[in-house]
Amino acid sequence: MISVEGLTVEFGGYSLFDDITYVISKKDRVALVGKNGAGKSTMLKIIAGLQEPTKGSVNRPKDLTIGYLPQQMHHQDGRTVIEEAELAFAHIFEMKERIDRMTQELAERTDYESEDYHDLIDRHTYANEQLSMLGGDNFRAEVEKTLLGLGFKRTDFDRLTSEFSGGWRMRIELAKLLLQRPDVLLLDEPTNHLDIESIQWLEQFLSSRANAVLLVSHDRAFLDNVTTRTIEITMGQAHDYRVSYSKYVELRAERREQQQRAFENQQKQIQDTEAFIERFRYKATKSVQVQSRIKQLEKLDRVEVDDVDTSALSLKFPPAPRSGDYPVIADDLSKHYGAYEVFNNASLTIKRGEKVAFVGKNGEGKSTLVKCIMDEIDYTGTLKIGHNVKIGYFAQNQAQLLDGEKTVFDTIDYVAQGDIRTKIRDILGAFMFGGEASDKKVKVLSGGEKSRLAMIRLLLEPVNLLILDEPTNHLDMRSKDVLKEALKEFDGTVIVVSHDREFLDGLVDKVYEFGNKKIVEHLGGIYEFLEKKKMDSLQELERNKLSAVADKNVEQAPTESKVSYEARKEINKQIRKQERLITESEKRMDQISNKITGIEEKLATPDGASNVELYTEHGDLKKQLSDEEETWTMLNMELEELQEQLN
């Protein structure tokens with residue numbers, strides 16, 4: 024579908040890409056990975072046709088549609104949320120206007136027998152058929168469903184887009200792209216401004232309803248749940264793995280081990296050859312052999328080991344000054360903005376040394392509670408900060424507080440204490456400020472770079488309560504790992520506001536859920552919380568069903584004989600048949616899943632990783648499993664309809 028051939032990009036003598044070639048096919052779900060600065064965003068721009076490579080080409084069919092979501096974009100004002108989202112269906116509006124013009128012309132003309140009039144009728148009929156195929160007026164329901172899935176409320180639909188923050192406006196742009204259903208979706212960090220529930224909705228959409236997808240993300244869980252192929256960009260080269268992100272990490276480690284062994288063997292061969300040349304260089308009887316060895320070295324195809332940071336950097340916080348037993352206690356806490364209630368009667372207790380997460384949809388009060396704790400806004404109720412609590416606070420606006428005239432290095436050197444001062448450049452390198460970047464002035468940094476610098480500065484200050492509001496949005500995989508390990512070792516108290524499930528996993532042991540103007544405590548990690556939420560949702564759904572059935576039974580009690588004995592007997596027969604079909608479908612899904620697991624185990628071996636046929640078989644089985652899951656879903660829906668006929 025899209026063919027990237029011999030792609031080369033050079034900047035001032037530096038080669039970002041060097042002769043990269045690969046193909047994106049229909050229904051591909053591709054993760055584009057690599058460290059920051061490797062060229063992932065540049066690759067997306069080139070495929071989108073927004074940037075030209077130095078050499079090579081990107082070949083696309085003429086009728087191919089591409090949807091591109093960059094990290095930063097300019098927004099248009101003057102429309103409501105629903106009006107902006109409906110621009111995805113501008114082609115339908117144009118078609119309706121064309122049909123209206125033709126309808127008006129047909130009403131006004133009287134040359135009924137002319138060839139031109141009959142041609143107009145044909146065009147009018149064809150346009151109406153096209154409109155019907157495109158869904159006509161049904162698109163409005165699709166728009167609403169997509170906006171709701173991305174976290175908007177119905178009350179937001181008629182608000183002007185200019186009333187929303189940049190993150191929410193990015194969601195509107197994402198909604199427009201998804202609604203257009205392009206042949207290829209190019210997404211650059213799409214989860215940065217989404218909460219956990221919206222990310223899960225997007226995962227489901229991309230997995231089941233999108234066409235080809237090529238995305239850049241530092242969210243491991245998101246990549247694993249959406250993608251089935253991983254293209255790594257490193258040292259100007261692209262390495263294509265037809266597996267999910269987690270499997271790619273395993274295969275990449277194995278490939279580098281093989282490269283390292285091959286490199287070491289070749290180095291020994293080179294040393295032996297050079298030793299032979301040096302030993303017999305001046306012996307006439309050995310001149311032929313010496314010249315042969317020299318030519319061998321000149322022709323030798325040198326083994327290169329992929330560039331990888333092998334340093335075992337371990338960032339540690341300064342020892343936390345001891346605080347009271349309970350750094351934060353809230354009782355009957357409420358917050359209103361005028362008539363709008365954010366949360367009410369909230370109570371929570373955070374013990375010294377606990378690491379907790381604040382989660383929930385955006386706008387439900389997570390950052391508002393943080394501001395209450397920081398005493399930046401007023402509130403009603405009781406909020407106590409414990410004895411000797413020293414707070415370190417990171418929010419997106421922290422970057423604005425940096426001194427623009429200082430260099431990156433000086434900004435960190437100013438707050439670093441003790442032995443950590445000898446590791447400043449290592450720490451800066453871990454957070455993508457290696458080499459000359461550490462000597463840049465803060466005022467020339469991008470917004471993301473300033474946020475990362477503010478994070479580093481915070482990590483070096485002696486505090487005992489860390490409050491981090493979306494700390495991972497501008498960090499790559501390695502930087503997130505460094506931060507996560509440092510937080511796990513931190514002996515103080517931590518509050519993290521985040522949507523990054525993989526980052527929170529293994530870090531927090533308590534989750535506070537914000538929603539419906541309440542704050543609810545959940546003991547356990549993030550995945551335990553999500554599993555419990557799923558169960559709660561199912562129980563709530565079941566309660567609603569039972570309630571509806573009870574109400575229906577009350578209403579229909581006098582006429583229960585409407586469904587005759589023979590009819591009920593026939594329905595029960597159909598139900599038993601449907602249940603057998605569902606059981607058979609579940610068995611098929613288990614069989615396919617077992618086959619997929621077997622193939623993935625083979626792909627994890629060095630021999631399997633290079634077996635093209637295994638990748639093909641893996642992809643075919645994934646497609647079979649997806650089809651069978653759709654069949655299972657339809658069978659269950661039909662079963663529910665049959666069961667409802669008996670109630």
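Sequential numbering from 24 applies to the sequence shown in my numbering.
Just so you know, even glycine gets a beta-carbon here, dropped at the ideal spot from N, CA and C.
Which runs of the alpha helix (DSSP H) fall wholly inside the segment 261–323 and span at least 4 residues, in chain order?
-> 268–303 and 310–322
Would you call the segment 391–400 and the segment 430–447 in contact, with 3 or more CB pairs under 8 Å?
-> no
Exposed or buried, what is Met657 when buried is set at 16 or more other beta-carbons lying within 10 Å of its beta-carbon?
-> exposed
Straight-line Cα distance separating Glu525 from Asn288 = 38 Å
What are the uninterrupted segments assigned as alpha helix (DSSP H) that are 4 or more residues long and contained completely in the segment 596–659, given in chain order?
-> 629–632
Return yes when the Cβ of Met125 is within less than 7 Å of the Cβ of His147, no when it is not.
-> yes
Can you tell me whether DSSP reads Lys533 as helix, strand or coil?
-> strand
Nonlocal neighbours in the same chain, by C-beta distance under 8 Å from Gly60, ignoring five residues either side = Met455
According to DSSP, which residues form a beta bridge with Phe366?
-> Lys358
Hey, quick one: how far does the beta strand (DSSP E) through Val379 stretch, first residue to last?
-> Lys378 to Gly383
So what does Glu28 bridge to, in DSSP terms?
-> Ser80
CB-CB length for Leu491 against Phe417, believed under 8 Å | 5 Å
Inter-stretch contact at 8 Å, needing at least 3 Cβ pairs: the segment 610–624 / the segment 647–666 | yes
By Cβ distance below 7 Å, which residues in the same chain neighbour Asp181 in space, the five residues on each side in sequence not counted?
-> Thr103 and Ile105
For Asp179 and Leu67, believed in contact at Cβ under 8 Å, the rounded distance = Incorrect: roughly 29 Å between the Cβ atoms, too far for contact.
Within the segment 380–433, ranges of the beta strand (DSSP E) (whole runs, at least 3 residues) | 403–408 and 414–417
What residue range is occupied by the uninterrupted beta strand (DSSP E) comprising Arg252?
-> Arg252 to Thr257
Taking C-beta to C-beta, are Leu30 and Pro93 nearer than 7 Å?
-> no
Going straight from the alpha carbon of Ser185 to that of Asp100, what length do you get?
-> 6 Å
Distance between beta carbons of Glu551 and Lys533, contact taken as under 8 Å = About 10 Å; that fails the 8 Å criterion.
May I ask you to report which of helix, strand or coil DSSP gives Tyr437?
-> coil
Tell whether a beta-carbon distance below 7 Å holds between Ile373 and Pro341.
-> no
From Ala54, Val531 and Gly621, pick the residue whose C-alpha is nearest to that of Arg265; which is it?
-> Ala54
Three or more beta-carbon pairs under 8 Å between the segment 249–258 and the segment 39–59, yes or no?
-> yes
Segment contact, 8 Å Cβ cut-off, at least three pairs: the segment 269–284 with the segment 294–310 = no
CB contact flag (Asp391, Lys358, <7 Å) = Here residue 391 is Thr; the residue named in the question, Asp, does not match the sequence. Going by C-beta atoms, Thr391 is nearer than 7 Å to Lys358.
With distances taken Cα to Cα, identify the nearest neighbour of Thr628 among Glu280, Glu28 and Thr639.
-> Glu280
Buried or exposed by the 16-neighbour rule on C-beta atoms within 10 Å, applied to Leu129 | exposed
At which residues does the beta strand (DSSP E) containing Phe40 begin and terminate?
-> Tyr37 to Ile47
Beta strand (DSSP E) containing Lys541: first to last residue?
-> Lys541 to Leu546
Should Met96 go down as buried or exposed, given a rule of 16 or more other Cβ atoms within 10 Å for buried?
-> exposed
Span of the alpha helix (DSSP H) holding Arg52?
-> Arg52 -> not in any alpha helix (DSSP H); beta strand (DSSP E) instead, spanning Arg52 to Val56.
Cβ-based neighbour list, Lys507, same chain, cut-off 7 Å, excluding 5 preceding and 5 following | Phe526 and Leu530
Hey, would you say Gln601 sits closer than 7 Å to Leu662, going by beta carbons?
-> yes
What three-state label does DSSP hand Glu33 in the structure shown?
-> strand
Would you mind stating whether Asn215 and Asn496 have Cβ atoms separated by less than 7 Å?
-> yes
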